[in-house]
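Visitor:
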Amino acid sequence: MKIIHFLTIDSTNKYLKLNYSKLDNFDIVYANNQSEGKGRLNHIWESDDKQNLLMSVLIKDEKIIEHGSLLTLLTGYCVYNYLKSINLKNIKIKWPNDIFINDKKICGILVESKSENDKIIAMIIGIGLNVNQTFKNSTLKATSIYQETNIRYEIIDVLNDIKKELINCFKDNKSLIKTLKIINENNYLLNKKCAIELNNKKEICIVKNINDDGSINVLIDNKEIKIISNELILI
Ligand code: BTN
1402 MKIIHFLTID
1412 STNKYLKLNY
1422 SKLDNFDIVY
1432 ANNQSEGKGR
1442 LNHIWESDDK
1452 QNLLMSVLIK
1462 DEKIIEHGSL
1472 LTLLTGYCVY
1482 NYLKSINLKN
1492 IKIKWPNDIF
1502 INDKKICGIL
1512 VESKSENDKI
1522 IAMIIGIGLN
1532 VNQTFKNSTL
1542 KATSIYQETN
1552 IRYEIIDVLN
1562 DIKKELINCF
1572 KDNKSLIKTL
1582 KIINENNYLL
1592 NKKCAIELNN
1602 KKEICIVKNI
1612 NDDGSINVLI
1622 DNKEIKIISN
1632 ELILI
C-alpha cells in the first residue's frame, strides 16, 4: 500500500489510469494541486494549492471490483464516517457522489474503471475533500472542514484516516446491508423535488430511497422509477 505524493499533477485519477499496471491494490496517489482535476459529467474540479485532499485510490481486488456500481456510495459512506469522527454535524450523502453539510458540498467522488477485453481489471476512486480552504463566494455552495469547525487539519492525516475507513469498509461485505441503511438514513435528496431528463423529456420527480445496487428511486406522477445514472437537478 504505497502512498505517492505530487506537488502538482494533471489529475490523480488520470495518473492511476495510466499507471495501474505497475501499481498494487490500495496504492494511493495524492497531490497538492491538480491542473486538470476532473469531476463527474466532465466537470472541472477546482482546488486551491495545498488546501484540500486530492487523492485517488487504486482498486485491483476482484471482490471489491464486484461491487463496482456501489463503490461511489460506499466511498461516500467512508468519507461520511470520517467527518462524523471529527465531530461534524448534519452530514448528508447526496446520490450519487457528493457529501453535503448544511446544504453545501464538502466532498466529491469520481470512480472510474479500467477494462481489458471487456473485463474491468482496476477501479480508481478519486476523492476531492475540502479541508482547509475558505470559500468566500457564497453562490458556490461549497464548504470545508475548516469552514465548519475552525480547525485546520494536516492533509496527510486526513488521507490516512480516510484510507483506514476505506480498508475497514471494503474488507468484507458482511456489513453491506447495514451500510446501505446508514446511507439511506442520510440521503440528502430524500423527498426533495428534482428535475430529471428521461427519454429526452424533462420531468419533475420526488426522490425516494437508494437501492442495494446503487440506483435510486424517484416518483414521477406517483409512479416509482429506478434511476441508474441520470442527473437529478434540485429545484
Ligand atoms: C465530483 O464532484 O464531480 C467529483 C470530484 C472528484 C475530484 C477528485 S480530486 C482527486 C481525483 N482526481 C481528479 O481529477 N478527480 C478526483
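Residue numbers for the sequence shown follow the numbering used here, beginning at 1402 and rising by one.
Using N, Cα and C, we set each Cβ at its ideal position, and we do this for glycine too.
Nothing here was measured: the structure is a model prediction, and the numbers come from that model.
Have a look at Ile1561 and Leu1417 and give me their C-alpha separation to the nearest angstrom.
Guide: Looking at the sequence shown, residue 1561 is not Ile but Asn. Taking the straight line joining both Cα atoms gives about 18 Å.
Visitor: Answer yes if the segment 1484 to 1497 comes into contact with the segment 1587 to 1598, meaning at least three C-beta pairs across the two stretches below 8 Å, and no otherwise.
Guide: The answer is yes - the segment 1484 to 1497 touches the segment 1587 to 1598, with three or more Cβ pairs under 8 Å.
Visitor: What three-state label does DSSP hand Lys1409 in the structure shown?
Guide: According to the sequence as given, residue 1409 is Thr; it is not Lys. Strand.
Visitor: Below 8 Å, how does it come out for the segment 1423 to 1439 and the segment 1402 to 1412: are there three or more Cβ pairs, yes or no?
Guide: yes
Visitor: If distances are taken between C-alpha atoms only, which option among Ser1514, Ile1626 and Val1480 comes closest to Glu1604?
Guide: Ile1626
Visitor: Leaving aside the five residues before and after Glu1437 along the sequence, list all residues of the same chain whose C-beta is less than 6 Å from its C-beta, in chain order.
Guide: Shown here for Glu1437: same chain residues with a beta carbon closer than 6 Å to its own, the five before and five after excluded, namely Asp1411 and Ser1412 in chain order.
Visitor: So is the beta-carbon of Trp1496 under 7 Å away from any non-hydrogen atom of the ligand BTN?
Guide: no
Visitor: Please classify Asn1531 as buried or exposed, where buried requires at least 16 other C-beta atoms within 10 Å of its C-beta.
Guide: Buried.
Visitor: Quick one: what does DSSP say Asp1558 is sitting in, helix, strand or coil?
Guide: helix
Visitor: Skipping 5 residues on each side, what residues in its chain have a beta carbon closer than 8 Å to that of Ile1568?
Guide: Excluding residues within five positions, the ones whose Cβ falls inside 8 Å are Phe1427.
Visitor: By a C-beta neighbour count over all protein chains shown, 10 Å radius and 16 as the cutoff for buried, is Lys1415 buried or exposed?
Guide: buried
Visitor: Express the C-alpha separation of Phe1501 and Glu1549 in angstroms, rounding to a whole number.
Guide: 12 Å
Visitor: Could you tell me if the beta carbon of His1406 falls within a distance shorter than 7 Å of some heavy atom in the ligand BTN?
Guide: no
Visitor: Does the distance from the C-beta atom of Ala1596 to that of Ile1546 stay below 8 Å?
Guide: no
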